[in-house]
Structures are given as structure tokens and as C-alpha cells.
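Here the working numbering is used: position 159 in the sequence shown is 161, and no number is missing along the way.
Worksheet: one structure, shown below.
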Amino acid sequence: MKNILLVGLLSLSFLLKVNAQQKFKPTDESLMQYKYPEWFRDAKFGIWAHWGPQAVPRQGDWYAKNIYMEGSSQNKYHVEHYGTPSVFGYKNIIPLWKAEKWNPDKLMALYKKAGAKYFVSMGSHHDNFFLWNSRIHKWNSVNMGPHKDVVGLWQKAAKNAGLRFGVSEHLAASFNWYQPSHGSDKKGTYAGVPYDGHDPQYADLYHSPNPDSGDMKKWITTNPGWQKEWLSDVTELIDIYHPDLLYSDSQLPFGDVGRAMVAHYYNADMAKNGGKLEAVYTPKQQSEGKWAQDVERGVLDSISPYPWQTDTSIGDWFYKTGQKYKSADEVAQLLMDVVSKNGNLLINVVQTPEGDLEHDVMKIVSDIGDWTAANGEGLYGTRPWKIYGEGPSTIKANQKKGRFGGLSDTRGYQSGDFRFTTKANVLYAFDMAIADADINITSLGKNSKYLNKPIVSVTMLGSNQKLKWTQQDNALVITKPASLPAWKVVGYKIQFQK
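Set out below in C-alpha cells:
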């Protein structure tokens, strides 16, 4: 079992000492020196493996918590298939995760072909099971389950494929998230019999009971011992793998403790890269220039002055039997909406417990690759234009709010919806929903306040066909192309008079 307080205090003391001698200090003022690396700004699209033992029962996200929530659907499934969590709990699910069909190199080749420029491996979910070769926590994928360094093997595959590599940590919420494992059924045969999480010998997995009922209602704990345990865990992850990107499934955790982690991450990255900062940190908090804000299952409603990221999934976060997946068209729509607002898209591709992909998921990923191959010129390396778009989806009355802030990551685009990007004095306009009519882009008319030069050329990305178009006073009008691609999101390259 980890000596939580001692390890955490040593980690914090060490980081404060190291950070005091480096460029970044654990203060907001110091962190505002951060400069966003060009690789992240140019990449636009990343793929995430949100994958681990919770996939085993094929019942979706939060399984490790919900089996201890009496009467929940996952609790009922668990009792029926494995027995009561008073005897057979999450600790018993972990050895069932074998990952026997997992081929990271094969999957990485598929993701690269799909157009991803960076790849993110889960480090640990709220279940407190580490997917890396930890020296401080025995509950990890090298000691148990697949007996493989999952993070390390993903990193090696990403490096071989030429992709940037990131890791996600979900540990800040783990302490309170796991508290139901210390309870018991209120009725039935096992009423009053403690769940296995209450057994002190498993406290290094399930944590200790939280005596503060008010704290238990919070997403991240105020317990200083647990905060320092988090710091030691994440510091180890950073120092072993030196990831290009680090994601936290929360706001910046724990105030000064979190700032110490971020400062160490940035300083360590600069040391690795000869003084150049290449690291990106993405918590779910507005950045003010200190990091890249992440928005889960949502998008911002305007162009952000700071690069940011949407994280979402093709389906559920963990494998779930019968789940519905986003189509390749929906992913392309989301991608261009995010990019037009100065963001990146990080999307989870749902893996089976065994580690491979279902055929329909492989088809979706392959179709995304067909789209990015044709439209990548207007995607990679671009920057936002003067406005992010036009059309019905930009009208506030039509915008659906997301669960975690911002707007929903999925919506029904209509005729007249466009998103804009720009690069090297070229404008790209993406028609978000092909209509059976001519294309009118009102922001590109001769009298538009956004233009100061006439248009001289309009071409379709990924196509050699000649287009008929005219720049009228109130709109750029493109005659419906004789041949349209199979996808819904069509990119147009628009060049202006020099």
C-alpha cells in the first residue's frame, strides 16, 4: 500500500524546489508565460484510447463505481453475472481484462490513415487502475490483467507512426468517485454486508472511506493527503513517459498542488527538448493562456483567442453492447466546427475488452480517413478566419447546450451552414450539409464587410472538376457541382486577388 502522506509530501517538496529553479513556477502569473506549441495548433485532430478493465463487462462507462450503486442497471448486471460486490467486486474484474487481441501498431496505422496527428492513451480512469508500469502502485497493467505496459506500448506505436503522444489522467476525482465501494446493500440477502471496497487490505485500490460527508459530494476532494497522493501519481506518469499532451478529467486539480504539477510538467518538457516547450496541458477550465482548455462532449460558441480542445467519443466512453456510434459525417461536422473556432478535436475510438475494433467502428474510422485525405488542406495547419461560420447553426436560438459547458457536440446541420478556416492567404469554406441546390455563402459577397479583395478562384477540395461560380454583391454563388463526394461536409478553396 502506498504511504500516501509521506510520498505526497516528498513529491510536493521536491517539485516546489525544482520549479523554483526553472522557468515555470507554481503560480498563475508564471504559468501565463506559456506559449502554445505549433504542433498542437497545426494538428487539429487526435484519437484517444479511453480503454481499460471497465470494458470487460461490456456495460459502458463508470462500471467500477456503479456496481456499488444498489439498484442501478450496472449493479443489477453485475449481481446477475458475477455475484454480489460484497464478495466479487471490481478488484475481481481487473484480472479478466486480458487485451488478447490488442495490436497497438496495427491500430496506430489505422488512426494515422484516418488523419489523426496525435494519439492519447488513458493513463488511469477513476477506477485507480494504472495502465503504466508504476513503481508506487501495485494495481497496474504490468502486474495484473494483460501484464503489459499499455501506456508504454501505445507510446512506442505512436512514435513509430510519427504521431505526437499524450496521456489522460482521471485520478483527481477517483477518491470521492469510489466512495460507494465502502457501503453495503440496504436490502436483500446481503443487506448490511460491506462491499469489498470496505476491506482495508484493498484501500490502495478503493481508497479509504471519506469521513467528510460534505466533501464526498464534490467532484474532486479537499483532503490534503489524497491531493498529495494524486501529485505523486501524476508526477510519476510525467517523469516516465514525458508525454506531449497531458489531459486531466477535471478543472486544474487542487490549487497550488495542481500548479506545482503543471509547472513541473512544463519545466520537464523544456529540459527534454533543449529549452523548447512542446507540452500541452488540457484541464476542463478556461485557460487565460496557461494551458489549453478542454470541453467534454461540447464545443465553444465562438472563436477563442486561445487554442483549446473538444474531447468526445464515437460512442460510449467504454465498450457497451448495442451502443450507437457517431457517423463519419458527424465526426467531420464536429471537427470543422471545432477547428473554425481555434480548437482541436480529440475523439475516443471505442475498443472491445479484447482490444480490437468492431467492424462498424473500423468502417467509421476508415471513412474519416477518406474525408481527411480529400479535405486535409483546409484542416491541418489552418487558423480561424474573421468569423467562424454562417448559417442556421450560428443562430443562438438554434444552439443546444452541452452537458459540460459550451454547446452540444452533435447537432443537425442544415442547408446554408458553413465553417471557415484560413491558411497562407487562402480561405476554406466547408459546406456542413450538402443540399440539392446551388451554394450561397453570404459572408463572401462583394459587399461583405469581411472582404477587401475580389475572389479569383473557387475549387472543391479533393476534386479536379471545374466549378461554375460568381461573386455577387450579397453572396458567393457556386453552382451545384455536377459530381459531389459521398460525404456530407464539402470543402471549397477560395483564393483572392493578390
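Virtual Cβ for every residue (Gly too), placed ideally from N, Cα, C.
In this text the structure is predicted, and so the values were computed from the model without any measurement.
Using the rule of at least 16 other Cβ atoms within 10 Å of the residue's Cβ for burial, across every protein chain shown, is residue i buried or exposed?
| i | result |
| --- | --- |
| LEU247 | buried |
| GLY190 | exposed |
| ARG405 | exposed |
| GLU332 | buried |
| PRO39 | buried |
| LEU98 | exposed |
| PRO456 | exposed |
| GLU102 | exposed |
| MET3 | Note that MET3 has pLDDT 41, beneath the 50 cutoff, so the model's placement of it is unreliable and no number is given. |
| ASP241 | exposed |
| ALA488 | exposed |
Just reading off the beta strand (DSSP E) that residue i is part of, what are its end residues?
| i | result |
| --- | --- |
| TYR389 | Tyr is not the amino acid found at residue 389; the sequence shown has Ile there. Counting along the chain, the beta strand (DSSP E) containing ILE389 begins and ends at 385-392. |
| TYR249 | 247-250 |
| TRP471 | 471-473 |
| GLN497 | 492-498 |
| ASN377 | Element bounds for ASN377: not the beta strand (DSSP E) but the alpha helix (DSSP H), 361-377. |
| THR109 | Checking the sequence, you will find Leu at residue 109 rather than Thr. Note, LEU109: premise wrong, no beta strand (DSSP E); alpha helix (DSSP H) at 106-115. |
| ASP1 | Lying before the first or after the last residue shown, residue 1 is absent from the chain, which here runs from 3 to 500. |
How is the alpha helix (DSSP H) around residue i delimited, first residue to last?
| i | result |
| --- | --- |
| ASN77 | 75-83 |
| GLU290 | Here GLU290 belongs to no alpha helix (DSSP H), and DSSP marks it neither H nor E. |
| ARG43 | 40-45 |
| MET272 | 258-274 |
| VAL340 | 330-341 |
| PHE420 | Careful: PHE420 lies outside any alpha helix (DSSP H), inside the beta strand (DSSP E) at 420-425. |
| LEU33 | 30-33 |
Residues in its own chain within less than 6 Å of residue i by CB, not counting five upstream and five downstream?
| i | result |
| --- | --- |
| HIS128 | HIS172, ALA175, SER176 and TRP179 |
| GLY393 | GLY418, ASP419 and PHE420 |
| ASN454 | none |
| GLN229 | PHE256 and VAL259 |
| LYS448 | GLN473 and ASP475 |
| TYR208 | TYR180, SER183 and GLY199 |
| SER32 | PHE26 |
| ILE69 | GLN76, ASN77, HIS80 and PRO87 |
| GLN335 | TYR415, MET434 and VAL491 |
| ASN24 | For the record, residue 24 in the displayed sequence is Gln; it is not Asn. Counting only Cβ-Cβ distances below 6 Å, and skipping sequence neighbours, we find ASN269. |
Roughly how many angstroms lie between the CA atoms of residue i and residue j, to the nearest whole one?
| i | j | result |
| --- | --- | --- |
| ALA262 | SER459 | 52 Å |
| LEU359 | PRO106 | 11 Å |
| GLU290 | GLN35 | 11 Å |
| ASP303 | ARG137 | 43 Å |
| TYR494 | ASP30 | 42 Å |
| ASP313 | LYS119 | 15 Å |
| ALA270 | HIS244 | 8 Å |
| ASP214 | THR223 | 10 Å |
| ALA426 | ILE496 | 11 Å |
| VAL479 | MET364 | 37 Å |
| LEU486 | ILE316 | 25 Å |
| GLY91 | ASP369 | 39 Å |
| LEU112 | THR481 | 36 Å |
| GLN295 | GLN253 | 9 Å |
| GLN353 | ALA477 | 45 Å |
| SER126 | TYR204 | 17 Å |
| GLY324 | GLY62 | 10 Å |
| PHE498 | ASP440 | 21 Å |
| LYS67 | LYS219 | 14 Å |
| SER123 | GLY48 | 11 Å |
| GLY357 | SER170 | 18 Å |
Which residues in the same chain have their Cβ closer than 8 Å to the Cβ of residue i, if we skip the five residues on either side of it in sequence?
| i | result |
| --- | --- |
| THR424 | THR384, ARG385, PRO386, TRP387 and TYR430 |
| VAL195 | THR86, SER88, SER186 and ASP187 |
| PRO2 | With the chain represented from 3 up to 500, any question about residue 2 goes unanswered, as that position is not in the structure. |
Which residues in the same chain as residue i place their Cβ atom closer than 7 Å to its Cβ, once the five residues preceding and following it in sequence are excluded?
| i | result |
| --- | --- |
| TRP41 | ARG166 and GLU280 |
| LEU155 | PRO106 |
| VAL341 | LYS46, LEU381, THR384 and THR423 |
| PRO483 | MET462, GLN467 and LEU469 |
| TYR452 | LYS388, ILE389 and SER445 |
| LYS274 | HIS244 |
| TYR321 | ALA57, ARG60, VAL352, GLN353, THR354 and PRO355 |
Starting from residue i, follow its DSSP beta bridges and name the residues at the other end.
| i | result |
| --- | --- |
| ILE305 | In DSSP, ILE305 forms no bridge with anything. |
| PHE131 | Answer is none; PHE131 lacks a bridge partner. |
| MET462 | TYR494 |
| SER126 | PHE132 and GLU171 |
| PRO196 | SER186 |
| ASP313 | GLU298 and LEU348 |
| SER410 | GLY300 |
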